[in-house]
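Enquirer: Questions regarding the structure given below will be posed in turn.
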Amino acid sequence: MAAEQRLSQVLTKKLGYYVPISEIGYETIWFMKDEVDNKLIPPQIIEHLAQPIIANSASFTDADGNYYLVIIIEIGLPEPYEVWLVNDEIVSDFLGDVD
Numbered sequence: 467m468a469a470e471q472r473l474s475q476v477l478t479k480k481l482g483y484y485v486p487i488s489e490i491g492y493e494t495i496w497f498m499k500d501e502v503d504n505k506l507i508p509p510q511i512i513e514h515l516a517q518p519i520i521a522n523s524a525s526f527t528d529a530d531g532n533y534y535l536v537i538i539i540e541i542g543l544p545e546p547y548e549v550w551l552v553n554d555e556i557v558s559d560f561l562g563d564v565d
């Protein structure tokens, strides 16, 4: 699933209103393993991947100014690795019962 679709899906459930894909920013990120903040992506998640590592990200700012960001990395498993941030802070349990 594309990052912008995933962000729309999750935020629509979390916020209680539809978040249109047209209002979501999107970016593809290329990086080397030594460029990663270990708090953002633990080394064991990406240690087996070839470099450069490619991640997709999507972001949305709501009417209250809250900034939501998801970073998605394909790691060779059925489900990709996702990092969720709200206002630039990692929220490890962001999905809660949304999935």
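If you want the numbering used here, it's the position in the sequence shown, counting the first as 1, plus 466.
Note that CB positions come from ideal geometry on N, CA and C, so glycine has one too.
Small disclaimer: the values here were computed from a predicted structure and weren't measured.
(1) Between the alpha carbons of S525 and F560, how many angstroms are there, rounded?
(2) Between the stretch 510-518 and the stretch 477-494, do three or more beta carbon pairs fall short of 8 Å?
(3) Going straight from the alpha carbon of A495 to that of V502, what length do you get?
(4) In whole angstroms, what separates the C-alpha of F497 from that of I537?
(5) With a floor of 3 residues, list each beta strand (DSSP E) that falls wholly inside the stretch 513-543, ordered by position along the chain.
Expert: In this structure, then:
(1) 14 Å
(2) no
(3) Inspection of the sequence shows that residue 495 is occupied by Ile rather than by Ala. Rounded to whole angstroms, I495 to V502 spans 11 Å at the Cα level.
(4) 13 Å
(5) 519-527, 533-539
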